[in-house]
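Asks:
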Amino acid sequence: MGKAYRLLYDENACIGCQACSVACRVEHGVPEDFFRLQVRMELKGVFPRLGMSYERMACVMCEDAPCVSVCPTFASFQDKDGLVHIDERVCITCKYCILACPYHARFVNPLKNVVEKCDFCYESRVSKALLPVCVSICPTEALMFGDMNERDSLVYETSHKEALIFPKAHLKTKPKVAFLPKRKGMKS
Amino acid sequence: MNHIAGSLEQYSTLIWHWPIAVYLFLAGLSAGAAMTSLMVKWIEGNNKAPWDGLIKAGALLAPLTICLGLFLLIFDLTRPLHFWKLLIHYNFSSVMTLGVLGLFIYTPLSFIYAAIKFKPWLFETGPFAGLLKPFKGIIDSIGDNPAWLERTLFLFAVIIGIYTGFLLSAMYSYPLFNTPLLPILFLASGLSSGVAASILFGLLFFKSEVNQKNAKYLLELDLRVVPMELLLLFALFVGMYFQGGDKTLVAIQALTTGVWAYVFWVGVIGIGIATPLLIAVTALKHHAYRVGYILLNSVVVLVGVVFLRLYILYAGQTFIG
Ligand code: SF4
Ligand code: SF4
Ligand code: SF4
Chain A
3 MGKAYRLLYD
13 ENACIGCQAC
23 SVACRVEHGV
33 PEDFFRLQVR
43 MELKGVFPRL
53 GMSYERMACV
63 MCEDAPCVSV
73 CPTFASFQDK
83 DGLVHIDERV
93 CITCKYCILA
103 CPYHARFVNP
113 LKNVVEKCDF
123 CYESRVSKAL
133 LPVCVSICPT
143 EALMFGDMNE
153 RDSLVYETSH
163 KEALIFPKAH
173 LKTKPKVAFL
183 PKRKGMKS
Chain B
913 MNHIAGSLEQ
923 YSTLIWHWPI
933 AVYLFLAGLS
943 AGAAMTSLMV
953 KWIEGNNKAP
963 WDGLIKAGAL
973 LAPLTICLGL
983 FLLIFDLTRP
993 LHFWKLLIHY
1003 NFSSVMTLGV
1013 LGLFIYTPLS
1023 FIYAAIKFKP
1033 WLFETGPFAG
1043 LLKPFKGIID
1053 SIGDNPAWLE
1063 RTLFLFAVII
1073 GIYTGFLLSA
1083 MYSYPLFNTP
1093 LLPILFLASG
1103 LSSGVAASIL
1113 FGLLFFKSEV
1123 NQKNAKYLLE
1133 LDLRVVPMEL
1143 LLLFALFVGM
1153 YFQGGDKTLV
1163 AIQALTTGVW
1173 AYVFWVGVIG
1183 IGIATPLLIA
1193 VTALKHHAYR
1203 VGYILLNSVV
1213 VLVGVVFLRL
1223 YILYAGQTFI
1233 G
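Those protein sequence lines, which keep their order, are chains A and B. Counting with this note's numbering, you get residues 3 to 190 for the letters of the first sequence. Counting with this note's numbering, you get residues 913 to 1233 for the letters of the second sequence.
If you want it as structure tokens, here you go:
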């Protein structure tokens, strides 16, 4: 059976330290001022019910991925587990996928002149049974990663315990990344 | 808001720039010119050489502008030398792939059609006559009125005109792109730019061969397409306005804020639509044949269509709700 990967991001645990973002750039040699991953922070609410709202900006690994359907050359493709990758040799850098991605997850790497995005650290780590580097470095365990087909995995248990939010769910892209929304306080 | 997350540049830059807008313009013009040439040719009595100057102008513009557009498109790629990969991988769910396949058929047909219209120059009097001799037999065997070729060319001209709209409207995170009217709007404005360019080109280069009757026919056609564009633009924005949420917001922003609102009101509406209509009801009233005004009319229509493509591409990427 294929894997059903899922990445969970717990807004309640995140402290906005950017450790994941830094680890990601180091792991993948992302050029300065470009990002596979950002954690955005914003003060929200009305005094005294104020709170920080956090947002993880990165590829959400759509099951119905618009980037894959618009790519004219199949340079953007889905592997057997449904993860979306970019074949650098086939990409003509037409940037159609960058426009098509509703999550603004893609950019042109100026060193390679090829489109790049989060790949769930597949090549360098997940395919070797390691956790994605952002997940393993997070000091507050705000990030969880695993296989939904394994009943005893942390992501399986958490997904069945908590109310999840799938980003831009109305677009029906069926992301593999889900958020655990803030439980406390502020109105947004 | 703090920027501890890092630069936001990557998330706010424009992805597709002006060469794409110019390509969209040229592709639409090419399709429109092919349609124009065919429509004039299909008029009773126009189906034999010597061809009318307008038929020749359209026939020549179609292959030239599509090639120019494609060159621009290829050199705008970040890695132009990887272009050929587009020709060996086909993703049938991608509008870009479908466009490439359409161009595979459209472009050669437009060349053959032009060759028929310029037979004497190509094979006898022109500078390449010697070089092109071997192809004369092929073009001769097709004849002067190949119905199958002309119909297929017309069909694919319509397809190319429409595809440039679908290329953008397939992107659903940009409200201004993602409207069902965009492909029709691009087809209509492509046709009007093709008509205008054919008149301009025909009167400048093949003036002695242009029959007044045909020029008037095209002017009348243009006078029907231009109000149509206005109607489509109106329906597009009002439609977005009533869709609520982001779409309403984008419709308002795109018409009222910043430099792109000026481009719309001055460039697209003022120059591209109001001016030709004004010329039509004043200088060219009762189908007067005043060459100066006819040329001016063509120029403003063309400028307006360039502005329309630029506006849609840039405002579409700028205002996302
Ligand atoms: S988030 Fe964007 S890049 Fe990632 S799979 Fe979805 S559409 Fe593609
Ligand atoms: S930029 Fe590359 S990956 Fe993206 S759509 Fe074009 S060819 Fe495909
Ligand atoms: S999974 Fe890997 S590539 Fe994706 S954001 Fe995390 S560290 Fe970066």
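Built from N, CA and C at the ideal position, the CB exists for glycine as well. None of these values were measured; they are calculated from a predicted model.
Report yes or no: is there a C-beta of chain B within less than 8 Å of the C-beta of A/A102?
Replies: Closer than 8 Å to some Cβ of chain B, the Cβ of A/A102 qualifies, so yes.
Asks: Any chance you could list the residues with Cβ under 5 Å from a heavy atom of ligand 3, keeping chain order?
Replies: Those residues, listed in chain order, are A/C26, A/R38, A/L39, A/A60, A/C120, A/F122, A/C123, A/P134, A/V135, A/C136.
Asks: If I follow the unbroken alpha helix (DSSP H) through B/M947, where does it start and stop?
Replies: Here the alpha helix (DSSP H) through B/M947 covers 930 to 953.
Asks: Would you say B/I916 reaches chain C, if we count a Cβ-Cβ gap shorter than 8 Å as a contact?
Replies: Of the protein chains in the structure, A and B, none is chain C.
Asks: Determine the DSSP secondary structure at A/L182, reduced to helix, strand or coil.
Replies: Strand at A/L182.
Asks: Quick one: is B/N1003 buried, meaning 16 or more other Cβ sit within 10 Å of its Cβ, or exposed?
Replies: Buried: at least 16 other Cβ atoms inside 10 Å.
Asks: With a Cβ-Cβ cutoff of 8 Å, do A/T75 and A/I94 count as a contact?
Replies: Yes, the Cβ-Cβ distance between A/T75 and A/I94 is below 8 Å.
Asks: Between the alpha carbons of A/C120 and B/G1114, how many angstroms are there, rounded?
Replies: A/C120 and B/G1114: Cα-Cα distance of roughly 54 Å.
Asks: Hey, how far is the Cα of B/Y1226 from the Cα of B/G1077?
Replies: Approximately 14 Å, taken between the alpha carbons.
Asks: Can you tell me whether B/V1218 is buried or exposed, with buried defined as 16 or more other CB within 10 angstroms of its CB?
Replies: Burial call: buried.
Asks: Strictly below 9 Å CB to CB, what residues from chain B border A/Q20?
Replies: Simply I916, A917, G918.
Asks: What did DSSP end up calling B/D1134 once you bin it into helix, strand or coil?
Replies: Helix, per DSSP.
Asks: In the DSSP assignment, find the beta strand (DSSP E) that holds A/M146 and state where it starts and stops.
Replies: Unbroken beta strand (DSSP E) run through A/M146: 145 to 149.
Asks: Going by alpha carbons, who is nearest to A/V72 out of A/I100, A/K184, A/C123?
Replies: A/V72 has its Cα closest to that of A/I100, out of A/I100, A/K184, A/C123.
Asks: Using 7 Å as the cut-off, classify the Cβ of A/P74 as near or not near the heavy atoms of ligand 1, replying yes or no.
Replies: It does not: the Cβ of A/P74 is nowhere closer than 7 Å to a heavy atom of ligand 1.
Asks: Looking at the C-beta of A/H172, does it have a partner C-beta in chain B at a distance below 8 Å?
Replies: Not closer than 8 Å to any Cβ of chain B, the Cβ of A/H172 fails to qualify, so no.
Asks: Here's the rule: buried if 16 or more other CB atoms are within 10 angstroms of the residue's CB, otherwise exposed. What is A/R8?
Replies: Classification of A/R8: buried, given that the 10 Å Cβ count is 16 or more.
Asks: Within 7 Å: the Cβ of A/K5 and any heavy atom of ligand 2?
Replies: No, ligand 2 has no heavy atom inside 7 Å of this Cβ.
Asks: Tell me, please, whether the CB atom of B/R991 is closer than 8 Å to any CB atom in chain A?
Replies: Interface residue, yes.
Asks: Under 7 Å from any heavy atom of ligand 2, does the C-beta of A/V24 make it?
Replies: No, ligand 2 has no heavy atom inside 7 Å of this Cβ.
Asks: Please list the residues of the region 1001 to 1015 of chain B that have a C-beta atom closer than 8 Å to any C-beta atom in chain A, keeping them in chain order.
Replies: The region 1001 to 1015 of chain B vs chain A, Cβ under 8 Å: H1001, Y1002, N1003, S1005, S1006, V1007, M1008, T1009, V1012.
Asks: Would you tell me roughly how many angstroms separate the C-alpha atoms of B/F1035 and B/K1048, rounded to the nearest one?
Replies: Their Cα atoms are separated by approximately 7 Å.
Asks: Give a yes or no on whether 8 Å exceeds the smallest Cβ distance from A/V75 to chain B.
Replies: With the sequence shown as reference, residue 75 of chain A is identified as Thr, and Val is not the correct amino acid for it. Yes, because at least one Cβ of chain B sits closer than 8 Å to the Cβ of A/T75.
Asks: So, with DSSP's three-state summary, where would you put B/S1085?
Replies: Residue state, collapsed to three classes: coil.
Asks: Hey, which unbroken runs of the alpha helix (DSSP H) at 4 residues or more fall wholly within the region 1025 to 1102 of chain B?
Replies: Entirely contained in the region 1025 to 1102 of chain B, the alpha helix (DSSP H) runs reaching 4 residues are, in chain order, 1041 to 1054, 1059 to 1081.
Asks: Can you give me the Cβ contacts of B/S1068 inside the same chain, cut-off strictly under 7 Å, excluding the 5 residues immediately before and after it?
Replies: In the sequence under discussion, the amino acid at residue 1068 of chain B is Phe, which differs from the Ser named in the question. G1014, I1017, Y1018, L1021.
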